[in-house]
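A.B. asks: Residue numbers for the sequence shown follow our numbering, so the first one is 38 and each next one is one higher.
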Amino acid sequence: WESPRVAELVKKEKESGAFVIVCVHGGQEYRTLPSARQQAFYRSLADSGADVVFGSHPHVLQPIEQYGKCLIVYSLGNFLFPGMGGMPGAEKSMIVRLGVSRGKIILKETYPARLSGTRVALEKQ
38 WESPRVAELV
48 KKEKESGAFV
58 IVCVHGGQEY
68 RTLPSARQQA
78 FYRSLADSGA
88 DVVFGSHPHV
98 LQPIEQYGKC
108 LIVYSLGNFL
118 FPGMGGMPGA
128 EKSMIVRLGV
138 SRGKIILKET
148 YPARLSGTRV
158 ALEKQ
């Protein structure tokens, strides 16, 4: 998941004028904070031109940060992944809604969600 080739592809897409969203399946399982290695890689994607980086794999929520012009969501947790009831934090998830206009994020909303067995539902805010 950390191939330097990914950053090269991001740079190429950005140079073409695209709004670039990268989905990374990486990070350490069940860690609520990104490792230094994960943070460095995701930020390298931002430095290469990614507008948004969405992470998955840790099975738990991790922070969201604005890094320069890039929104980094280190881990969205689990959305549809039954059988996680015994793992602390693994039933929490999040939906991120973005509005994009002229290549810029103009709206960002987050909606906490929770898994329960084979169902997922928004949490009351």
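Every residue, glycine too, gets a C-beta built ideally from N, C-alpha and C.
Predicted model, so just to flag it, every value in this text is computed and none were measured.
Which ranges would you report for the beta strand (DSSP E) in the stretch 115-155 if only whole runs of at least 3 residues count?
C.D. replies: Listed in chain order, they are 129-138 and 141-153.
A.B. asks: Contact check, leucine 82 vs valine 43 under 8 Å by CB: the rounded distance?
C.D. replies: Counting from 1 along the sequence shown, the entry for residue 82 is found at position 45. Counting from 1 along the sequence shown, the entry for residue 43 is found at position 6. 7 Å between Cβ atoms; contact.
A.B. asks: Below 8 Å on the Cβ atoms is my contact criterion, and I expect phenylalanine 78 with glutamate 39 to pass it. Report the Cβ-Cβ distance as a whole number of Å.
C.D. replies: Mapped onto the sequence shown, residue 78 falls at position 41. Mapped onto the sequence shown, residue 39 falls at position 2. The pair is a contact, with the Cβ atoms about 5 Å apart (cut-off 8 Å).
A.B. asks: Sort out for me which residues DSSP pairs tyrosine 104 with in a bridge.
C.D. replies: What you label residue 104 is simply residue 67 of the sequence shown in a count that begins at 1. The partner list for tyrosine 104 (beta bridge, DSSP) reads Cys107.
A.B. asks: Considering only residues of the same chain and omitting the five flanking positions on each side of threonine 147, which have a CB-CB separation below 8 Å?
C.D. replies: Along the sequence shown, one-based indexing puts residue 147 at 110. Within the same chain, threonine 147 has close Cβ partners Ile101, Met131, Ile132, Val133 and Arg134.
A.B. asks: Compute the Euclidean distance between the alpha carbons of lysine 48 and valine 110, then round it to the nearest angstrom.
C.D. replies: By one-based count along the sequence shown, residue 48 stands at place 11. By one-based count along the sequence shown, residue 110 stands at place 73. Answer to the nearest angstrom: the Cα atoms are 19 Å apart.
A.B. asks: Return the chain-ordered ranges of every beta strand (DSSP E) run that is complete within the stretch 51-80 and spans a minimum of 3 residues.
C.D. replies: Segments of the beta strand (DSSP E) lying fully in the stretch 51-80: 58-62.
A.B. asks: Who does serine 93 pair with in a DSSP beta bridge?
C.D. replies: The residue given as residue 93 occupies position 56 in the sequence shown. Bridge partners of serine 93: His62.
A.B. asks: Quick one: is lysine 161 buried, meaning 16 or more other Cβ sit within 10 Å of its Cβ, or exposed?
C.D. replies: If you number the sequence shown from 1, residue 161 lands on position 124. So lysine 161 counts as exposed.
A.B. asks: So serine 112 and glutamine 103 are in contact, right, with Cβ under 8 Å, and what is the actual spacing, rounded?
C.D. replies: On the sequence shown, position 75 is the one that residue 112 refers to. On the sequence shown, position 66 is the one that residue 103 refers to. That pair is no contact at about 16 Å.
A.B. asks: With 16 as the cutoff for other CB atoms within 10 Å, does leucine 144 come out buried or exposed?
C.D. replies: Numbered from its first residue, the sequence shown carries residue 144 at position 107. With fewer than 16 Cβ atoms within 10 Å of its Cβ, leucine 144 is classed as exposed.
A.B. asks: Just the C-alpha distance for arginine 68 and alanine 127, rounded to the nearest angstrom, thanks.
C.D. replies: Along the sequence shown, one-based indexing puts residue 68 at 31. Along the sequence shown, one-based indexing puts residue 127 at 90. Taking the straight line joining both Cα atoms gives about 10 Å.
A.B. asks: Give the DSSP bridge partners of valine 47, in chain order.
C.D. replies: Taking the first residue of the sequence shown as 1, we reach residue 47 at position 10. BP columns for valine 47 are empty, so no partner.
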